[in-house]
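See structure below.
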Amino acid sequence: MKRNSVDLIRVYRSSLDHRRGRLVAGNLVLPCALGRSGTTHHKKEGDGGSPVGSFALLQAFYRPDRGPRPRTGLPLHPIRKTDGWSDDPRDRRYNRLVSLPCPTSHEEMWRADDVYDVVVDIGWNRGPIAKGRGSAIFLHLARPGFTPTQGCVAVEKRMIRRLLERLGPQTRIEIIG
Numbered sequence: 000m001k002r003n004s005v006d007l008i009r010v011y012r013s014s015l016d017h018r019r020g021r022l023v024a025g026n027l028v029l030p031c032a033l034g035r036s037g038t039t040h041h042k043k044e045g046d047g048g049s050p051v052g053s054f055a056l057l058q059a060f061y062r063p064d065r066g067p068r069p070r071t072g073l074p075l076h077p078i079r080k081t082d083g084w085s086d087d088p089r090d091r092r093y094n095r096l097v098s099l100p101c102p103t104s105h106e107e108m109w110r111a112d113d114v115y116d117v118v119v120d121i122g123w124n125r126g127p128i129a130k131g132r133g134s135a136i137f138l139h140l141a142r143p144g145f146t147p148t149q150g151c152v153a154v155e156k157r158m159i160r161r162l163l164e165r166l167g168p169q170t171r172i173e174i175i176g
């Protein structure tokens with residue numbers, strides 16, 4: 000890994016607002032948004048909770064029309080207009096990247112807002128995938144005011160590139176409840 004890379008990112012929930020926290024990656028400390036239900040030990044699809052635990056960071060995605068290719072040690076993929084993510088527990092492709100149009104419930108990766116301009120795929124509910132345990136748990140860009148996510152972790156747009164530079168194939172994220 001690169002000299003400034005980190006092996007572990009820790010996400011601490013705020014004691015004042017369970018939908019916010021701080022992300023610590025080595026000497027980089029960033030405010031972050033969490034799920035609208037805070038953190039959870041029993042994640043379910045649609046519950047709005049950020050799952051508690053330690054997870055691999057599998058890959059990253061970026062919108063090539065919204066800035067230069069980020070520097071990171073993670074596998075990096077440009078987001079295409081036809082990219083989606085299955086969030087339908089009945090779909091055999093549940094919690095995976097899918098091509099659009101897709102007849103089952105999904106999230107669009109190419110969004111009108113900037114929330115998914117840079118996305119890190121957190122290895123929640125993988126190997127094996129359990130239907131209904133939650134999908135599309137990402138590290139992505141925060142909305143103004145750090146409004147809650149649907150269960151992801153979100154950081155400021157101006158800081159995401161500094162964070163990505165510290166991530167490599169061995170980096171894990173630990174969400175503490």
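Sequential numbering of the sequence shown, starting at 0, is according to numbering that gives the first Met the number 0.
Note that CB positions come from ideal geometry on N, CA and C, so glycine has one too.
Because the structure is a prediction, the values reported are computed rather than measured.
Helix, strand or coil at residue i [DSSP, three-state]
i       : result
Gly-126 : coil
Asp-120 : strand
Ile-194 : Absent from the structure is residue 194, since the part of the chain shown begins at 0 and ends at 176.
Arg-92  : coil
Arg-157 : helix
Leu-99  : coil
Leu-73  : coil
Leu-138 : strand
Leu-57  : strand
Outcome for residue i when other beta-carbon atoms lying within 10 angstroms are tallied against a minimum of 16
i       : result
Ile-175 : exposed
Val-28  : exposed
Asn-124 : buried
Gly-25  : exposed
Pro-74  : exposed
His-40  : exposed
Thr-146 : exposed
Ser-14  : exposed
Leu-138 : buried
Met-0   : Caution applies to Met-0, whose pLDDT of 47 falls short of 50 and renders its modelled position unreliable; the value that the coordinates give is listed next. Result: exposed.
Leu-163 : buried
Residues near residue i in its chain [Cβ-Cβ closer than 6 angstroms; skip 5 each side]
i       : result
Pro-100 : none
Ser-98  : Thr-81
Arg-95  : Ser-85
His-17  : Gly-37
Residue i versus residue j - alpha carbon distance
i       : j       : result
Arg-132 : Lys-80  : 27 angstroms
Arg-110 : Asp-116 : 8 angstroms
Cβ separation of residue i and residue j, assumed to be a contact under 8 angstroms, to the nearest whole Å
i      : j       : result
Arg-12 : Gly-47  : Between Gly-47 and Arg-12 the Cβ distance is about 14 angstroms, and since that is not below 8 angstroms, they are no contact.
Gly-72 : Pro-168 : 6 angstroms
Val-10 : Gly-20  : 6 angstroms
Proximal residues to residue i (C-beta, below 7 angstroms), its chain only, five neighbours per side dropped
i       : result
Phe-54  : Ile-121, Gly-122, Trp-123, Arg-171, Ile-172
Ile-128 : Tyr-93, Asn-94
Proximity test, residue i beta-carbon vs the ligand GTP heavy atom, cut-off 7 angstroms
i       : result
Asp-112 : The ligand GTP is absent from the structure shown, which contains no ligand whatsoever.
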